[in-house]
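For the record, in the sequence shown the residue sitting at position 52 is 52 according to UniProt numbering, with numbers rising by one throughout. Following: one structure in structure tokens, then a few remarks.
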Amino acid sequence: MSGLRNSSSEFFFFQLIVDGNFRSCDLRRLDKSDQKSAVIRRFNLFRKQLKVPQNTAEFKIVINDDTRNIDVALISNEKIKDVLWKDQSTLIILAFGFRTENFTYHLLHLPDDMGKEDLDGRLHNVVSLSIGSKCEGKVLQPGQETTTFLSEKEVASRLVFSIDDLKPLFFKKPTVFIELTEVITADLIYNMISPESTLVVRNEVEKKKLVKNLRCVHERQQKSS
């Protein structure tokens, strides 16, 4: 009988941990089979409650041709840069793959799994990155003005950035214009931009593609974690 009492006490204590309910935690009236099933159910519930929520692929993605309310833009097309530059009074542009006037020039070092191999088997995981900034209608000049502006965003200006170095640009839930390209991929967006950000694309086709690709990245990372 002492063994039964000890077992019942363990059930009592376990249920107390799960929901703190003294009346529902006494399993002594159940037979052994029911006791086992009840404990398994409660344990699974307890484990689910303790699980820390993971980052998801559920960014807010909107379609909008109006570029006047953009905080940050990721682009690879200089014509798009010209439109954004004209429409915005305060803006940060991350331009991949080209240099342009009044932008600082950098390199972005990608993780190996985001790089691509050429025909000779060499891994290419460095891409060119130009950064341009406007603040209250003023185009900031490359050099100290841009460095100071970035530091106010908690980004230390450097020749070679990592993805993590640029993450502070997206801490304050910005609205981000996305031009999805071979360089500006769902992997890059998922790993660099906060999911609380709003992503802006130009049409339904781009939105569907981005949603699909972000979910694929999310599922792949969940499987590997």
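Glycine included, every Cβ here is placed at the ideal spot set by N, Cα and C.
Counting pairs of beta carbons, one from the segment 73 to 82 and one from the segment 96 to 103, are three or more of them closer than 8 angstroms? yes
CB L129 to CB F171, shorter than 7 angstroms? no
Identify every run of the beta strand (DSSP E) within the segment 146 to 215, keeping only runs that are complete inside it and at least 3 residues long; order them along the chain. Runs found: 160 to 162, 175 to 178, 198 to 201.
Drop a sphere of 10 angstroms on the beta-carbon of T146, count the other beta-carbons inside from all chains shown, and report buried for 16 or more, exposed for fewer. In summary, T146 is buried, with 16 or more beta-carbon neighbours lying within 10 Å of its beta-carbon over all protein chains present.
Helix, strand or coil, according to DSSP, for S89 in the structure here? coil
Kindly list the residues whose CB is nearer than 7 angstroms to the CB of K167, restricted to its own chain and excluding five residues on each side of it in sequence; keep chain order. Taken in chain order, the residues that qualify are M192.
When the distance is taken between beta carbons, is L199 closer than 7 angstroms to V160? At a Cβ-Cβ threshold of 7 angstroms, V160 and L199 do not count as neighbours.
Determine the DSSP secondary structure at I70, reduced to helix, strand or coil. In the structure shown, I70 adopts coil according to DSSP, grouped into three states.
Can the beta-carbon of S162 be found less than 7 angstroms from the beta-carbon of F149? Result no, Cβ atoms of S162 and F149 do not sit closer than 7 angstroms.
Alpha carbon of D187 to alpha carbon of V217, nearest angstrom: 6 angstroms
What span of residues does the beta strand (DSSP E) with T104 cover, start to end? First-last of the beta strand (DSSP E) with T104: 104 to 109.
For L119, the three-state DSSP class (helix, strand or coil): coil
Same chain only: Cβ atoms within 7 angstroms of residue 248, ignoring 5 sequence neighbours per side: Absent from the structure is residue 248, since the part of the chain shown begins at 1 and ends at 225.
Three-way DSSP call (helix, strand, coil) for S76 in this model: coil
Same chain, Cβ closer than 6 angstroms to T56, five either side skipped, listed in chain order: Reliability of the predicted coordinates at T56 is poor, the pLDDT of 47 falling under 50, and the value obtained from them is presented with this limitation in mind. Same-chain partners within the cutoff: there are none.
What are the start and end residues of the beta strand (DSSP E) that includes L129? 126 to 135
Going by the beta-carbon positions, is the gap between E136 and S89 smaller than 7 angstroms? yes
Quick one: what does DSSP say L140 is sitting in, helix, strand or coil? It is coil, neither helix nor strand.
What does the alpha-carbon distance come out to for the pair F59 and L210? 10 angstroms
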